[in-house]
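Below: one structure, written as structure tokens.
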Amino acid sequence: MTGGRAISAKEANEDAARRADLAWRAAGEGCVVEEFGNQIRTSASPPTRRRRMVAILAFLLFALPQLSPAFAQQRAVSIGNGQMTRVVVRPNATLTITTDRPFANLVVGNSSVADVVPLSERSFYIQGRTSGTTNISIFNDGDGLLGVLDTRVSMDFSDVSEAIKAAVPSSRVTVSNFNDRIHLSGTVDSAPDVTRVVEIAQQFSAQPVINALAVAATQQVALEVRVLEARRSAGRDLGVNFRVRGGTSLGVTGSRLRLNVPKDGNTAGTDNYLGVVSQLDADAERNSQGTPFGSLVAQVLEGAGVKVDMIINALEAKGLARRLAQPNLTTVSGEKASFHAGGEVPIQTVVSNGNTTATQTDYRPYGVRLEFLPTVLDRGLINLRIMTEVSEIDPSVTVNGNPGFTSRKAQTVIELRDGQSFALAGLLQTVNAKTIEQMPWLGNLPVLGALFRSTSYKKNESDLVVVVTPHLVRPARPDEQLRSPLDDTVPSNDFELFALGLMEVDKSMIEGFKNGTGIEGPYGHLLDIDGEDGHVAAQQP
1 MTGGRAISAK EANEDAARRA DLAWRAAGEG CVVEEFGNQI RTSASPPTRR
51 RRMVAILAFL LFALPQLSPA FAQQRAVSIG NGQMTRVVVR PNATLTITTD
101 RPFANLVVGN SSVADVVPLS ERSFYIQGRT SGTTNISIFN DGDGLLGVLD
151 TRVSMDFSDV SEAIKAAVPS SRVTVSNFND RIHLSGTVDS APDVTRVVEI
201 AQQFSAQPVI NALAVAATQQ VALEVRVLEA RRSAGRDLGV NFRVRGGTSL
251 GVTGSRLRLN VPKDGNTAGT DNYLGVVSQL DADAERNSQG TPFGSLVAQV
301 LEGAGVKVDM IINALEAKGL ARRLAQPNLT TVSGEKASFH AGGEVPIQTV
351 VSNGNTTATQ TDYRPYGVRL EFLPTVLDRG LINLRIMTEV SEIDPSVTVN
401 GNPGFTSRKA QTVIELRDGQ SFALAGLLQT VNAKTIEQMP WLGNLPVLGA
451 LFRSTSYKKN ESDLVVVVTP HLVRPARPDE QLRSPLDDTV PSNDFELFAL
501 GLMEVDKSMI EGFKNGTGIE GPYGHLLDID GEDGHVAAQQ P
């Protein structure tokens with residue numbers, strides 16, 4: 001209270017600073033400082049050395065003891081029997097110690113950790129310098145040990161707990177000091193709360209935060225994935241070939257242009273249709289790159305010992321291939337799970353180390369690969385980070401004997417609830433190829449040029465769809481026994497196998513036979529009414 005009015009900590013600090021400034025200026029001018037109640041008076045005096053010392057002491061008495069707890073802390077200790085008292089001081093902060101009896105000397109074990117400044121014969125303050133521990137011994141006039149202060153200079157993280165509680169009210173976090181590092185322990189409701197708490201605590205320390213938090217209910221996620229790949233192909237080939245018997249072979253065979261001449265090179269004295277002597281029988285079908293079926297052979301010319309046949313190769317092909325992978329993966333929230341259905345191809349590389357070379361073999365996986373990282377958010381929302389890849393060997397591309405690969409990858413982040421499905425599609429790939437090979441000049445003729453051309457058209461399409469369905473799962477209770485489909489069946493005996501054709505028999509049906517249950521039908525008496533005389537006859541069923 002000052003003048004009957006309560007003052008705040010801010011006003012007290014301002015008043016203490018004003019008193020200290022006045023006392024310091026008065027000491028510099030050689031004035032005497034006197035305090036009357038809550039007022040400070042200075043009087044002029046000759047600047048003697050003694051009065052200046054009195055002024056400096058007045059500064060210490062007026063300024064330091066009147067600091068509020070925001071600037072300095074105060075603690076009373078009992079001394080006299082040499083007992084030890086533990087105190088904690090923040091770095092670059094002060095702690096005022098008051099004793100119940102006067103002392104004469106103070107001895108600090110490690111002045112680099114903390115320092116002491118006497119205020120009176122019953123009080124002194126400790127100033128923390130760096131983190132560590134030290135002892136402060138208190139002696140009387142006869143060098144007798146009155147007490148020891150086991151002083152620890154460390155950070156105080158009480159503000160961290162308040163900030164965490166305000167940001168995450170449902171958290172049950174304990175903040176402790178571990179070698180001047182923030183140590184977090186306790187439980188939170190979800191994995192995002194763990195991230196939020198660690199981020200808040202990191203703002204109060206330059207050192208990494210020690211995270212020992214646990215999620216209250218560990219969430220496990222089961223992921224049902226269906227990977228569907230469809231490949232469609234279509235192709236058409238059309239080629240015209242000529243086969244000349246008794247002469248040469250000339251024409252477009254599939255995609256090759258052939259002109260066969262005699263092996264001996266004799267080209268004189270023989271009549272032939274094309275003016276070239278040859279006894280070879282050109283086989284257009286064998287040299288065609290088309291498919292052997294779908295050929296039409298027609299004789300177009302026969303005479304002068306020469307037979308000319310025209311072979312038309314026409315083919316239209318369609319194909320459809322499907323591939324399906326349906327993996328089921330289960331993992332804990334925040335942990336990655338992966339799946340691979342396919343194989344691995346050895347890839348050899350040459351490694352040189354100085355004057356020696358060695359061959360290194362690595363294995364490149366191919367097939368269907370899946371990786372996912374689930375994180376369970378608040379109220380059952382599941383965050384999924386998915387990476388899927390479908391790859392296969394491409395033998396048309398080789399580097400140093402190692403094959404190439406064709407692959408399609410997709411990576412995305414989605415959020416779903418338990419049981420909801422998500423389809424990742426649009427990975428459509430289309431390849432169109434058209435090839436025309438013809439005989440020079442003759443293939444460019446209008447209409448007739450089609451007889452000297454070979455045309456090929458191919459189209460390949462492939463589509464990839466990934467359907468994802470996450471589920472929140474829990475482990476079975478100790479008294480809950482899991483069953484498989486094989487638990488309800490047993491292998492059949494010889495009679496059931498050969499007579500009934502059963503490979504497995506249901507256990508429930510066997511137990512029903514043993515207990516006389518499982519067979520349904522009429523039972524009791526049957527009533528037969530004779531229509532002529534109206535008599536009712538009872539019969540046993």
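Residue numbers for the sequence shown follow the UniProt record's numbering, beginning at 1 and rising by one.
We put the CB at the ideal spot given by N, CA and C, even for glycine.
Please read all numbers here as calculations on a predicted model, not as lab measurements.
- About 6 angstroms separates the beta carbon of L464 from that of R408, a gap short enough to meet the 8 angstroms contact definition.
- By the Cβ neighbour-count rule, I436 is exposed, with fewer than 16 other Cβ atoms within 10 Å of its own.
- Measuring C-alpha to C-alpha distances from S176 to each of K165, S161, D143 and S190 identifies S161 as the nearest.
- Taking C-beta atoms as the reference points, F124 and V117 count as a pair closer than 8 angstroms.
- DSSP, read as helix, strand or coil, puts I164 in helix.
- Every unbroken stretch of the beta strand (DSSP E) spanning 3 or more residues and falling wholly within the UniProt domain "BON" (160-216) is given here in chain order: 172-178, 181-188 and 210-215.
- With fewer than 16 other CB atoms across the displayed protein chains lying within 10 angstroms of its CB, F495 is exposed.
- Following the DSSP letters along the chain, one finds F495 in no beta strand (DSSP E) but inside the alpha helix (DSSP H) bounded by residues D494 to F498.
- Burial check for Q438: the Cβ neighbour count within 10 Å reaches 16 or more, so the residue is buried.
- Per DSSP, the unbroken beta strand (DSSP E) holding V351 starts and ends at A337 to N353.
- Taking 8 angstroms as the cut-off, the beta carbon of F372 is found closer than this to the beta carbon of L223.
- In this structure, the beta-carbon distance from A212 to L184 falls below 8 angstroms.
- Residue range R453 to V473 is occupied by the beta strand (DSSP E) that includes V473.
- DSSP places L377 outside both helix and strand once states are collapsed to three, so it counts as coil.
- Taking a 10 Å sphere around the C-beta of E389, we find 16 or more other C-beta atoms and assign the residue as buried.
- Between R232 and V467, the gap from beta carbon to beta carbon reaches 8 angstroms or more.
- In the DSSP assignment, Q411 is bridged to M387.
- Where T130 is concerned, there is no enclosing beta strand (DSSP E), because DSSP gives it neither an H nor an E.
- Residue pairing by DSSP places S112 in no beta bridge whatsoever.
- By the neighbour-count criterion, in which a residue is buried when 16 or more other Cβ atoms sit within 10 angstroms of its Cβ, A325 is buried.
- Residue range Q429 to Q438 is occupied by the beta strand (DSSP E) that includes Q438.
- By the neighbour-count criterion, in which a residue is buried when 16 or more other Cβ atoms sit within 10 angstroms of its Cβ, G147 is buried.
- For S158, the three-state secondary structure derived from DSSP is helix.
- The beta carbons of A191 and V376 sit about 6 angstroms from each other, so the pair counts as a contact at 8 angstroms.
- The distance from the Cβ of R86 to that of D150 is about 5 angstroms, consistent with a contact at the 8 angstroms cut-off.
- The distance from the Cβ of T133 to that of R152 is about 5 angstroms, consistent with a contact at the 8 angstroms cut-off.
- L95 is classed as buried because its beta carbon has at least 16 other beta carbons within 10 Å across all chains shown.
- Annotated as distal: A433 and K318, with beta-carbon spacing of 8 angstroms or more.
- Secondary-structure assignment with DSSP links V397 through no beta bridge to anything.
- Collapsing the DSSP output to three states places D488 in a helix.
- Within the DSSP bridge table, the entry for Q360 names T349 as partners.
- When the five nearest sequence neighbours on each side are left out, the beta carbons in the same chain lying within less than 7 angstroms of the beta carbon of Y457 are those of G235, R236 and K434, in order along the chain.
- Three or more beta-carbon pairs separated by less than 8 angstroms are not found between the segment 475-490 and the segment 391-400, which leaves the two stretches without contact.
- When the Cα atoms are used, V209 and V198 turn out to be separated by approximately 7 angstroms.
- Residue pairing for L442: DSSP places it in no beta bridge.
- N328: member of the beta strand (DSSP E) spanning N328 to V332, first to last residue.
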